[in-house]
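J.: Below: one structure in structure tokens.
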DNA sequence: GGCGGCGTTGCACACGTTTGCAAATTATGA
DNA sequence: TCATAATTTGCAAACGTGTGCAACGCCGCC
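What follows is the structure, given as structure tokens:
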């Protein structure tokens, strides 16, 4: 029978011949305890297999060391790399990550935040969806830090981390123009995420500066299958585009595959393609996609730094630069 | 200043005009409380934004509701889908997932388990590495349930979930033989994981039954780049293989890309390839890889069922079947 | 020797829950 | 209407830890 019988500080104290407070202090960095007793305690703890109960510690200190990561599309290349980077940085900072998956329903980001509050998470990082303003306020009022990555900006209080989508989109236009393309298109998903829309709008605006129109097509999610469908729609138009900016690398992969295998087009000779995110597959030989690399490590670093500083940090907005990485899906370069 | 001032059951009780116990019972399913007071409490809680403190609850109940997922290669397609499925199932079972990344050092699975114990996790699921026997014993002694997925079998006590690698490998041999292939090869990584080795050994053994030899090459990790190198090594041999079983879909993708773009080989006409895992990319038009789909939802389901049953379950071993999915990288089929 | 200062130590309370137990309230039955 | 059973309620004791406060021992210094 697994009676869940953990050894407590009490028992360690008995074995080491000291008081329970001494045990607590031995495990608290910077506490007032002599080196001699500290060693006695540590040895007794080792022998008994004692581990500080972080539930009780969190209860007392009013700080659990837990950070909630609220994310959908966990199995997606970009999201999973961001997830990896965040967990690494968190562990380096002595925090521990609680993962909440919001794939199922869409209102679930609210219940996810409530779950985070129940475990008295010190902070939450939101990689998907958008919480109600009321919930956000509740979190902030309770002293929960909030980080929103690539989300809407209308909330004040949390830290917003974004990427300069508009500027990036403008660079794509000049690249396409320099390659001699004239019939521009944008392949977007229907998700309508702020960053996706910013890429679309920035692309259209920059094209207008060159006197060029943009054909926009939107379909489905941000995945590979959406790319297949979008290719179908864009490449059967009377005026077939010769340059397509895809809102996402996954869309770009699907679109390239359809362009080659169903429309027998050569890339980049007959069609230039640019994506966004620089997922691992973008560098594979079958794609060699020109795209923008998301600054995932900087994002993670900034997030962790902000949420682990002790004084109350005011909510601010941070925009990082996405680096353009040239490969073979655009002529010239 | 964010004073972390959460509202407690005390305040809810005052507002609802009941005792603290009543509040507690109102949030405990099956507790003895009248519907009238329950409603009063729930309304007061709603108005104040009260959330049960799971740290304190876990402390009392001696069961935190936390399950630790100890995993490396989080950003990898197969691992991230397994991760997604596990979090979904856990949330459905009312548990919450704590994610511990062991990408960095290799002894870190031990410290990961210690971290899990500090938070009094009800159970840990290990997707990577292998803990010391002493640590495992410590966990079990403390009543922590342990699930090992695709890991070694030498530990008794935990639940082991595996896939029938040997049987699957045998099916690959018959598929290759049926396609008329005679020069078989196995492309493995140097990781030496039990499941990878089982595939290799099963493949060799089954080939021997047909009187065929197998050329084995091992290199690096289980990723795409390893596939590139392995192709280099295998396809430059005097007797070039005409059928390669790759330990992993990622390896297969790399190998296919190298075979096509560097060696100008046609797949499956000149080279048959089979992978393992059925990652999303395996179904992309550029690969259309014949492979085995890991039963991720069953794995996750079995894991969660086992670790959430209340009576002490004896450690057992479970082997699930990997389904063969035919695509276009093998002739015939 | 007395005294102030400093580094350690233990006592006891607090944190926010759950839950056994007994008291109190309500329902049931003759 | 009263006795008794059934349900609901509050009190208080836990759970395992951190930490303020006072006590203690030790050292050096006037």
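Protein chains in written order, with this note's numbering: chain A, 150 to 482; chain B, 150 to 482. Even for Gly, the Cβ is constructed at its ideal location relative to N, Cα and C.
Which one of 245(B), 436(B), 464(B) has the shortest CA to CA distance from residue 405(B)?
T.: Checking every option, the nearest Cα to that of residue 405(B) belongs to 436(B).
J.: Identify the residues that DSSP records as bridge partners of residue 472(A): which are they?
T.: The partner list for residue 472(A) (beta bridge, DSSP) reads 442(A).
J.: So residue 245(A) contacts chain B; which residues on that side make the cut at Cβ distance below 8 Å?
T.: What residue 245(A) touches in chain B: 247, 249, 264, 268.
J.: Leaving out five residues before and five after residue 469(B) in sequence, what residues of the same chain have Cβ atoms less than 6 Å from its Cβ?
T.: If we look at residue 469(B) and ignore the five residues flanking it on each side, its Cβ neighbours are 312, 444, 447.
J.: Any beta carbon of chain A sitting closer than 8 Å to that of residue 433(B)?
T.: By this cut-off, residue 433(B) is an interface position.
J.: Can you check the segment 266-332 of chain A for any beta strand (DSSP E) of at least 3 residues that lies completely inside it and give the ranges in chain order?
T.: If we require 3 residues or more, the beta strand (DSSP E) runs fully inside the segment 266-332 of chain A come out as 272-275, 294-298, 308-312.
J.: Cβ atoms of residue 412(B) and residue 384(B): under 8 Å apart, would you say?
T.: Yes.
J.: For the segment 407-430 of chain A, enumerate the residues whose C-beta is nearer than 9 Å to any C-beta of chain B, in chain order.
T.: Of all residues in the segment 407-430 of chain A, 407, 409, 410, 411, 429, 430 have a Cβ within less than 9 Å of some Cβ in chain B.
J.: For the structure I just gave you, are there three or more beta carbon pairs, one from the segment 282-300 of chain B and one from the segment 212-228 of chain A, closer than 8 Å?
T.: No: fewer than three Cβ pairs fall under 8 Å.
J.: Can you tell me whether residue 180(A) is buried or exposed, with buried defined as 16 or more other CB within 10 angstroms of its CB?
T.: Burial call: exposed.
J.: Tell me the DSSP secondary structure of residue 154(B) in three-state form.
T.: Coil at residue 154(B), not helix or strand.
J.: Buried or exposed: where does residue 280(B) fall if 16 or more other Cβ atoms within 10 Å of its Cβ makes it buried?
T.: Answer is buried; the Cβ neighbour count reaches 16.
J.: Got a sec, what are the start and stop residues for the beta strand (DSSP E) residue 366(B) sits in?
T.: Unbroken beta strand (DSSP E) run through residue 366(B): 363-367.
J.: Identify which residue in 326(A), 401(A), 162(A) has its Cα closest to the Cα of residue 197(A).
T.: Residue 197(A) has its Cα closest to that of 162(A), out of 326(A), 401(A), 162(A).
J.: Taking any Cβ of chain A, which residues in the segment 184-205 of chain B have a Cβ under 8 Å from it, in chain order?
T.: Flagged, chain order: 198, 200, 201, 202, 203, 204, 205.
J.: Do residue 365(A) and residue 395(A) have their beta-carbon atoms positioned less than 8 Å apart in this structure?
T.: It is not a contact, given that the beta carbons lie outside the stated cut-off.
J.: Checking contacts by CB at 8 Å: is residue 296(A) closer than that to chain B?
T.: So no, residue 296(A) is outside the interface.
J.: Any residues in the segment 278-312 of chain A with a beta carbon nearer than 7 Å to a beta carbon of chain B? Which ones, in chain order?
T.: Flagged, chain order: 287, 291, 292.
J.: For residue 209(B), count the other beta carbons within 10 Å of its own beta carbon; 16 or more makes it buried, fewer makes it exposed. Which is it?
T.: The residue is exposed, with fewer than 16 neighbouring Cβ atoms inside 10 Å.
J.: Within the same chain, show all residues whose beta-carbon is closer than 7 Å to that of residue 464(A), passing over the 5 residues directly before and after it, in chain order.
T.: These residues qualify, in order along the chain: 305, 306, 307, 308.
J.: Tell me which same chain residues have a C-beta within less than 7 Å of the C-beta of residue 442(A), skipping the five on either side of it?
T.: Counting only Cβ-Cβ distances below 7 Å, and skipping sequence neighbours, we find 427, 471, 472, 474.
J.: With residue 428(B) as the anchor, note down where its alpha helix (DSSP H) starts and where it stops.
T.: Segment: none, residue 428(B) is in no alpha helix (DSSP H) and carries neither H nor E.
J.: Return the CA-CA distance between residue 165(B) and residue 182(B), expressed in angstroms with no decimal places.
T.: C-alpha separation (whole angstroms): 14 Å.
J.: Are the CB atoms of residue 158(A) and residue 169(A) within a distance shorter than 8 Å?
T.: In this structure, residue 158(A) lies closer than 8 Å to residue 169(A) by Cβ.
J.: Could you compute how far the alpha carbon of residue 142(A) sits from the alpha carbon of residue 218(A)?
T.: Summary: the structure shown does not reach residue 142(A), with chain A confined to residues 150 through 482, and so no result is reported for it.
J.: Taking all protein chains shown into account, do 16 or more other C-beta atoms lie within 10 angstroms of the C-beta of residue 355(B), making it buried, or fewer, making it exposed?
T.: So residue 355(B) counts as buried.
J.: For residue 358(A), is the classification buried or exposed, using 16 other Cβ atoms within 10 angstroms of its Cβ as the cut-off for buried?
T.: Exposed, because fewer than 16 other Cβ atoms sit within 10 Å of the Cβ of residue 358(A).
J.: Please state whether the Cβ-Cβ distance between residue 347(A) and residue 303(A) is less than 8 Å.
T.: Against a cut-off of 8 Å, the Cβ pair of residue 303(A) and residue 347(A) comes out as no contact.
J.: Output the boundary residues of the alpha helix (DSSP H) element that contains residue 352(B).
T.: Counting along the chain, the alpha helix (DSSP H) containing residue 352(B) begins and ends at 343-358.
J.: Is it buried or exposed, residue 438(B), if we count other Cβ atoms within 10 angstroms and call 16 or more buried?
T.: By the neighbour-count rule (16 or more Cβ atoms within 10 Å), residue 438(B) is buried.
J.: For residue 373(A), go through chain B and note every residue whose CB falls closer than 8 Å to its CB, in chain order.
T.: Those within 8 Å of residue 373(A) in chain B are 429, 433.
J.: Is residue 340(A) helix, strand or coil by DSSP?
T.: Coil, per DSSP.
J.: So with CB distances below 7 Å, who are the chain B contacts of residue 213(A)?
T.: Correct list: 204.
J.: For a quick check, are the C-beta atoms of residue 402(A) and residue 373(A) less than 8 Å apart?
T.: Yes, they are a contact pair.
J.: Buried or exposed for residue 200(A), going by 16 or more other Cβ atoms inside 10 Å?
T.: By the 10 Å Cβ count, residue 200(A) comes out buried.
J.: Do residue 391(A) and residue 440(A) have their C-beta atoms closer together than 8 Å?
T.: Contact flag unset, no.
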